[in-house]
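As structure tokens, the structure follows; a few thoughts come after it.
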Amino acid sequence: MEVPVTTGKFAGYVLVCSAFTKDDVPAVADLLLGSGMAGFPLERKTLLVYLGGAVPAFPQGTYLVGRLRAPRDRTRERIREDCADGVEAPARCDVDADDAAEDAPMSSWSEEKSVAYGPIVATVGVSFDGATRRRFTSLSPPTDSGYLSDLTVTEAERGEGLGRAMLAAAEEFARDMRQPWMYLHVALKKPGVVRLYRDEGYDVVGVDPGILGWRGRLLMRKSMGKSR
Numbered sequence: 001m002e003v004p005v006t007t008g009k010f011a012g013y014v015l016v017c018s019a020f021t022k023d024d025v026p027a028v029a030d031l032l033l034g035s036g037m038a039g040f041p042l043e044r045k046t047l048l049v050y051l052g053g054a055v056p057a058f059p060q061g062t063y064l065v066g067r068l069r070a071p072r073d074r075t076r077e078r079i080r081e082d083c084a085d086g087v088e089a090p091a092r093c094d095v096d097a098d099d100a101a102e103d104a105p106m107s108s109w110s111e112e113k114s115v116a117y118g119p120i121v122a123t124v125g126v127s128f129d130g131a132t133r134r135r136f137t138s139l140s141p142p143t144d145s146g147y148l149s150d151l152t153v154t155e156a157e158r159g160e161g162l163g164r165a166m167l168a169a170a171e172e173f174a175r176d177m178r179q180p181w182m183y184l185h186v187a188l189k190k191p192g193v194v195r196l197y198r199d200e201g202y203d204v205v206g207v208d209p210g211i212l213g214w215r216g217r218l219l220m221r222k223s224m225g226k227s228r
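Just so you know, the numbering used here puts 28 at position 28 of the sequence shown, and the rest follows in order with no gaps.
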């Protein structure tokens with residue numbers, strides 16, 4: 001899936017999103033470990049095993065990954081430069097750069113191969129049943145609805161609209177899976193994140209205030225029948 005980036009320094013770019021594969025596991029692990037989030041194994045070796053085991057769960061559960069694709073005119077220019085420098089494969093240089101840009105991969109969630117666009121810059125976990133998500137001691141979302149977690153962007157690209165684009169991809173995936181709702185948790189200590197989800201149409205449906213000094217969290221949801 002391709003999601004236009006409409007704000008920030010990447011406005012005009014496209015975030016090419018697809019389900020992660022075993023080859024993407026190390027990059028997703030690095031993103032999650034650098035995010036400061038909790039809820040998944042914090043030791044890299046253990047996290048790699050955890051993520052590797054999650055790859056076959058598609059489509060009921062997966063991590064979507066996003067890679068940036070430059071605007072088409074920049075793509076054509078880059079291809080021509082790479083051909084001139086001998087970097088681009090000769091077979092691709094035999095095709096007009098305009099056609100090469102048109103042939104960029106885009107189709108299904110499972111088959112889309114987007115590595116041609118560069119490194120993974122964002123990821124988000126999406127689950128559509130109880131077997132493909134964590135267990136919760138409170139504020140458990142319904143197991144027959146979508147659940148979103150671990151939305152994160154590489155540190156250098158944060159604040160540039162990629163998180164919203166990744167969220168849009170996750171929601172479109174949920175609609176493709178015929179899910180009526182998307183649920184998520186947000187820590188109360190992150191008002192900026194709460195505001196982002198409110199702006200995108202999520203409502204608070206539960207509050208865990210926390211105990212013994214631990215900060216609480218919210219359970220939020222959005223109908224997949226609306227885009228915002």
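The C-beta atom is built at its ideal place from N, Cα and C for all residues, glycine as well.
Selected residue, minimal CA-CA separation from L219, among A165, G159 and G146: G146
A11 versus E171 - alpha carbon distance: 20 angstroms
C-alpha distance - F58 paired with A168, whole-angstrom precision: 19 angstroms
For I211 and R158, the rounded distance between their alpha carbons: 31 angstroms
In chain order, each beta strand (DSSP E) run of at least 3 residues that lies wholly inside the segment 171–198: 181–187
D208 and R217 closer than 7 angstroms at C-beta: yes
Under 7 angstroms between C-beta atoms of T123 and V65: yes
N-terminal and C-terminal residue of the alpha helix (DSSP H) that G206 is part of: No alpha helix (DSSP H) contains G206, which is instead part of the beta strand (DSSP E) from D203 to D208.
Endpoints, the alpha helix (DSSP H) within which Y63 is located: Taken as a continuous stretch (DSSP letters only), Y63 belongs to no alpha helix (DSSP H), being part of the beta strand (DSSP E) at G61 to R69.
Nearest candidate by alpha-carbon position, reference T137, set A165, H185, V14 and A27: H185
Start and end residues, beta strand (DSSP E) containing R221: R217 to S223
Boundaries (first-last residue) of the alpha helix (DSSP H) holding T7: Segment: none, T7 is in no alpha helix (DSSP H) and carries neither H nor E.
D232, DSSP secondary structure in three states: Residue 232 lies beyond the stretch modelled for the chain, which goes from 1 to 228, so this question has no answer here.
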